[in-house]
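Chain order of the listed sequences is A and B. Numbers given in the working numbering equal positions in the first sequence, counted from 1, plus 1258. Numbers given in the working numbering equal positions in the second sequence, counted from 1, plus 1491. Accompanying notes for the structure given below.
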Amino acid sequence: AQRVTQPEKLLSVFKGAPVELKCNYSYSGSPELFWYVQYSRQRLQLLLRHISRESIKGFTADLNKGETSFHLKKPFAQEEDSAMYYCALSGRGYSGAGSYQLTFGKGTKLSVIP
Amino acid sequence: DAGVIQSPRHEVTEMGQEVTLRCKPISGHNSLFWYRQTMMRGLELLIYFNNNVPIDDSGMPEDRFSAKMPNASFSTLKIQPSEPRDSAVYFCASNWVGGELFFGEGSRLTVL
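Written out as C-alpha cells, the structure is:
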C-alpha cells in the first residue's frame, strides 16, 4: 500500500524566513514523488516532481529514500507563496492498464506573514 | 486546450436529491481521475479510468456514488441520494500515462 504523510496541517512563517514543508511516504517499490500547490480557490497545479530535479518559484525538494521523505524547501518565503501544498506519490497500477495513480497527503496550508 | 473542464462549479441541493457532476478531460489524455477534497480528509481518490475503463473504484465511499466514462471526452460522477456529509469539492483530473496530472477547477457541492 502507498501512503503519504504531511504532519503539519498549518505552517505559518514570516516573509523572508525559510520554509520547509514536510512529507514522508510509504511505498514498497520505487516511487515518483510530486508537490502540488493550490492557491486560494484555484485548481491544483503541479509545482515540481523529483525526477526533474528542478527549482520552481524558488522551491526545491530532494527525495531521501533512506528517510522516505520528500520535504519541500524554500530559503526565503514570499507572501505569494501562501497556499495549500500537497505532496503526492505515484505508484504504477498493476492492473495492466499502466496508469499512474497518485496518492495525496492531506496537505499543509502555508501562511506567509507580511 | 482549455484544460480539464468541470461543471457545475457550484451546486447546492437538498438531502435526498440526485447530483451529477461532469468532466471533460484534456483532449488526448487517456486517464481520468475523480478526487474529493474536504478539510478533514484532504484529497481522496474516488475512482480512475484508463482508456474509458474503470480501473480502481475502491475509493468510492458507498453505493450511492457511481461514475461513468462513456467516451474519451466525457465523464460523470453521480450521487444518489445525496447526504450532507457528501458536501465537498470534487475534482476531476486527467493525464497521459506517466505524465503530469492536470486538474479541473472543481465542483463545490453543498448538500443541505
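Idealized CB from N, CA, C, for every residue including glycine. Please read all numbers here as calculations on a predicted model, not as lab measurements.
CB contact check: residue i to chain A, cutoff 8 Å
i       : result
B:Y1581 : no
B:L1512 : no
B:R1555 : no
B:R1576 : no
B:D1548 : no
Given residue i as reference, the closest of the options once Cα atoms are compared
i       : options                               : result
A:R1261 : A:T1326, A:I1371, A:T1361 and A:H1329 : A:T1361
B:N1521 : B:G1595, B:D1554, B:A1558 and B:N1541 : B:N1541
B:M1551 : B:Q1571, B:Q1508 and B:S1564          : B:Q1571
B:R1513 : B:G1533, B:A1584 and B:E1591          : B:A1584
B:G1507 : B:E1596, B:G1595 and B:R1555          : B:R1555
A:R1307 : A:S1348, A:K1367, A:G1365 and A:V1370 : A:S1348
B:F1594 : B:T1511, B:P1516, B:H1501 and B:A1563 : B:P1516
B:Q1497 : A:S1284, A:Q1300 and A:F1272          : A:Q1300
A:S1340 : A:A1259, A:V1271 and A:P1265          : A:V1271
Distance, residue j Cα to residue i Cα
i       : j       : result
A:G1351 : B:S1566 : Low per-residue confidence applies at A:G1351: pLDDT is 45, beneath 50, and the placement is therefore not dependable, though the value from the model is reported in the following sentence. Taking the straight line from one Cα to the other gives about 21 Å.
B:A1558 : B:M1531 : 23 Å
A:T1326 : A:L1291 : 10 Å
A:E1338 : A:G1316 : 12 Å
A:F1328 : A:T1366 : 14 Å
B:E1505 : B:T1511 : 13 Å
A:P1289 : A:Y1283 : 9 Å
A:Y1343 : B:N1562 : 32 Å
B:V1588 : A:I1309 : 16 Å
A:R1311 : A:L1305 : 12 Å
Other residues of its chain near residue i: CB distance less than 8 Å, five sequence neighbours each side excluded
i       : result
B:L1534 : Y1526, R1527, Q1528 and F1582
B:P1545 : I1538, Y1539, A1558 and M1560
B:R1500 : E1596, G1597, S1598 and R1599
B:G1494 : I1517, F1593 and G1595
Below-8 Å beta-carbon distance, residue i vs any chain B residue
i       : result
A:L1330 : no
A:T1361 : yes
A:L1269 : no
A:G1351 : Because A:G1351 carries a pLDDT of 45, less than 50, the predicted location of this residue cannot be relied on, and no value is offered for it.
Same chain only: Cβ atoms within 7 Å of residue i, ignoring 5 sequence neighbours per side
i       : result
A:G1274 : F1334 and A1335
Beta-carbon neighbours of residue i, restricted to chain E and to distances below 8 Å
i       : result
A:G1365 : Chain labels in this structure do not include chain E; the protein chains are A and B.
Cβ neighbours of residue i in the same chain (closer than 6 Å, five flanking residues each side left out)
i       : result
B:V1503 : T1601
B:I1580 : In the sequence as displayed, the identity of residue 1580 of chain B is Val instead of Ile. Here the set comprises Q1528, G1597 and R1599.
B:F1604 : A query on residue 1604 of chain B cannot be resolved here, the shown segment of chain B reaching from 1492 to 1603 and no further.
A:K1331 : E1278 and T1318
Practice item. Taking only beta carbons into account, state which residues of the segment 1499 to 1526 of chain B come closer than 7 Å to chain A, listed in chain order. Key: S1522
Review point. Got a sec: which bits of the segment 1300 to 1317 of chain A sit with their beta carbon under 9 Å from any beta carbon on chain B, in order along the chain?
Key: Q1300, R1301, L1302, Q1303, L1304 and R1307
Review point. When Cβ atoms are compared, which residues of the segment 1335 to 1348 of chain A fall closer than 7 Å to chain B?
Key: Y1344
**Study point:** Against chain A: residues of the segment 1585 to 1597 of chain B by CB proximity under 7 Å
**Key:** V1588, G1589, E1591, L1592, F1594, G1595, E1596 and G1597
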